[in-house]
Amino acid sequence: MSDETIKKRTRETANKLFSKGIKMSPPYLMWKEFDRDLANDFSKFITGNLYSRTVLTLPERQMVACAMMAATRATGELKLHINAALNVGCDPRKLAEIFFQVATYAGMPAVNEALEAYRDVLKERGEWPIK
Numbered sequence: 439m440s441d442e443t444i445k446k447r448t449r450e451t452a453n454k455l456f457s458k459g460i461k462m463s464p465p466y467l468m469w470k471e472f473d474r475d476l477a478n479d480f481s482k483f484i485t486g487n488l489y490s491r492t493v494l495t496l497p498e499r500q501m502v503a504c505a506m507m508a509a510t511r512a513t514g515e516l517k518l519h520i521n522a523a524l525n526v527g528c529d530p531r532k533l534a535e536i537f538f539q540v541a542t543y544a545g546m547p548a549v550n551e552a553l554e555a556y557r558d559v560l561k562e563r564g565e566w567p568i569k
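Residue numbers for the sequence shown, in the working numbering: 439 to 569.
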C-alpha cells in the first residue's frame, strides 16, 4: 500500500474518531513536539493501519480501547477514547456496562475513575445524564 493511501486512511479514520465532541489535544500533537517523523509513523500505524482494519468495527475497537484505558487507569487517554467511542456510535449504556465490567479485573477504584471520566465527557458533550 502506498504512503499516500495510508496517509489518506489515517486522516479519514482520525476524522471519524476525533472531529467532534469534547475539545482535547490528541496525543499526536505532543508526540510531534518531540519527534515529528516518529509521530507521523505512530499515527499512520495506529490510525491508518490498525484502526482502519475491518476485522473489528470502529465502535468495537473503541469499546476495547475504553476497557483497556479504564483497567490501566489511564484517565486522560480514556477521555479521548470515550469521546471517540461516542463519535463512532457506541451505545452510551454499553460503555457504562464496560466500565462496571472492569471491576472484575482491575477493582472498584478503576471503575470509579472510569465512570468519573465518562461523566465528565458526557457533561462536556451536553449528553449527561444518560437517557
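Beta carbons: idealized from backbone N, C-alpha and C, even for Gly.
In three-state terms, what does DSSP make of Thr542?
helix
Distance check for Tyr556 and Ala534, CA to CA, integer angstroms please.
8 Å
Please return the same chain residues whose Cβ sits closer than 6 Å to the Cβ of Lys482, not counting the five positions on each side in sequence.
Ile444, Thr448
Cβ separation of Ile460 and Val559, assumed to be a contact under 8 Å, to the nearest whole Å:
6 Å
Taking just the CA atoms, how far does Ala552 sit from Tyr543?
13 Å
Taking the beta carbon of Met501 as the centre, do at least 16 other beta carbons fall within 10 Å, making it buried, or is it exposed?
buried
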